[in-house]
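Numbers in the numbering used here are just positions in the sequence shown, counted from 1, shifted up by 17.
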Amino acid sequence: MSTFAAPPPAHATAAVAARATDLTKVYGEGETRVVALDGVSVEFRRAEYTAIMGPSGSGKSTLMHCMAGLDTVSGGSARIGDTELTNLSDKRLTQLRRDRVGFVFQTFNLLPTLNALENIRLPMDIAGRKPDPAWLEQVIATVGLADRLKHRPAQLSGGQQQRVAVARALAGKPEIIFGDEPTGNLDSRAGAEILGFLRNSVRELGQTVVMVTHDPVAASYAERVIFLADGRIVDDMPDPTAESVLEHMKRYDAKGRTS
Ligand SMILES: Nc1ncnc2c1ncn2[C@@H]1O[C@H](COP(=O)(O)OP(=O)(O)OP(=O)(O)O)[C@@H](O)[C@H]1O
Ligand SMILES: [Mg+2]
């Protein structure tokens with residue numbers, strides 16, 4: 018990893034990789050109306066690793082989906098770089114997701130009929146973009162998959178499958194990578210590996226990563242933790258450790274119960 022030259026992601030010139038301003042998201046109406054995001058404003062700076070935490074139902078996935086252009090917003094603004102997502106056509110939005118954003122999900126979302134290399138290259142193949150061969154080789158070496166490239170997902174362990182998903186997200190040099198509990202289905206050792214790769218991609222490749230997690234240890238790999246509750250940001254903690262995150266969760270939990 019340390020021998021990596023760090024080419025800047027293709028579109029990345031702004032200091033802020035993504036930004037939400039007074040973002041709201043309402044699902045349903047009448048009795049089923051749910052305010053999933055209630056005026057969220059946040060910036061994700063370039064080459065920063067951020068964790069998003071909060072109780073179940075607090076809006077973590079919704080925030081990520083709205084900021085990544087995977088879901089529409091009800092109000093406010095969501096930007097990737099200088100591009101406002103809320104008024105893009107479906108076609109432009111699809112292009113933006115494909116060309117400028119990387120995703121890692123809890124369930125690895127690999128195509129079962131394609132081997133590891135084909136899965137890694139898929140977004141670029143769909144876009145008709147040629148991967149930078151040196152870069153692709155570096156990414157594959159980084160995630161330790163060089164000897165598994167011909168294997169299909171069913172022939173790989175969960176941790177290996179997630180490494181393929183991380184390589185797929187990195188391969189196109191996106192401006193920002195979003196992960197929704199990317200280690201949620203992995204044992205602690207495989208999870209630690211993935212978290213280490215994500216952290217290296219930030220430190221050594223200048224990648225920007227935003228990751229939802231429930232796990233204080235996972236959050237401690239990040240440089241910053243944003244805490245959500247009831248669709249709002251309630252805290253923004255720099256330099257988290259597993260202990261400080263756990264303390265925060267306990268404190269907030271106690272406050273929630275007494276108020
Ligand atoms: N498609 C949907 N239709 C209606 N309500 C939804 C939908 N998606 C999410 N919600 C609601 O929005 C709120 C926020 O959901 P969200 O999935 O963002 O929570 P989360 O913080 O990711 O929770 P978890 O930790 O359980 O994944 C919840 O109350 C949820 O029930
Ligand atoms: Mg969620």
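Where a beta carbon is used, it is the ideal one built from N, C-alpha and C, also for glycine.
Query	Result
Contact test: K108 Cβ vs ligand 2 heavy atom, cutoff 7 Å	no
Residues that P255 bridges to, as DSSP identifies them	R241
Among L128, N104 and M266, nearest to Q172 - alpha-carbon criterion	L128
Residues whose Cβ lies closer than 7 Å to any heavy atom of ligand 2, in chain order	K77, S78, D197, E198 and V229
Candidates E264, K190 and R109: closest to P150 by CA position	K190
Sheet register partners of T41 (DSSP bridge)	D55 and G92
V227 - DSSP class collapsed to helix/strand/coil	strand
Cβ-heavy atom distance, A53 to ligand 4, below 7 Å	As for ligand 4, it is missing from this structure, which binds only ligand 1 and ligand 2.
C-alpha distance - M81 paired with A64, whole-angstrom precision	17 Å
V227 to G145 span [Cα, whole Å]	27 Å
D197, buried or exposed, once every other Cβ within 10 Å from all chains shown has been counted against 16	buried
Neighbourhood of A235 by C-beta, 8 Å cutoff - its chain only, sequence neighbours within 5 removed	A68, T200, G208, L212 and M228
Own chain partners of P302 with C-beta closer than 6 Å, once the 5 adjacent residues on each side are dropped	The shown model of the chain, from 18 to 276, leaves out residue 302, and the question about it has no answer.
Contacts around E101, its chain only, beta-carbon distance under 7 Å, and the 5 residues preceding and following it disregarded	S94
Buried or exposed (CB count within 10 angstroms, at least 16 for buried), E46	exposed
Buried or exposed (CB count within 10 angstroms, at least 16 for buried), K280	The requested residue 280 is not part of the displayed model; the chain covers only 18 to 276.
Beta-ladder partner(s) of I143, from DSSP	DSSP lists no partner for I143.
Supposed contact pair L110 and G86 - C-beta distance, whole angstroms, cut 8 Å	5 Å
Buried or exposed by the 16-neighbour rule on C-beta atoms within 10 Å, applied to K147	exposed
Start-to-end residues for the beta strand (DSSP E) that takes in A68	Y66 to M70
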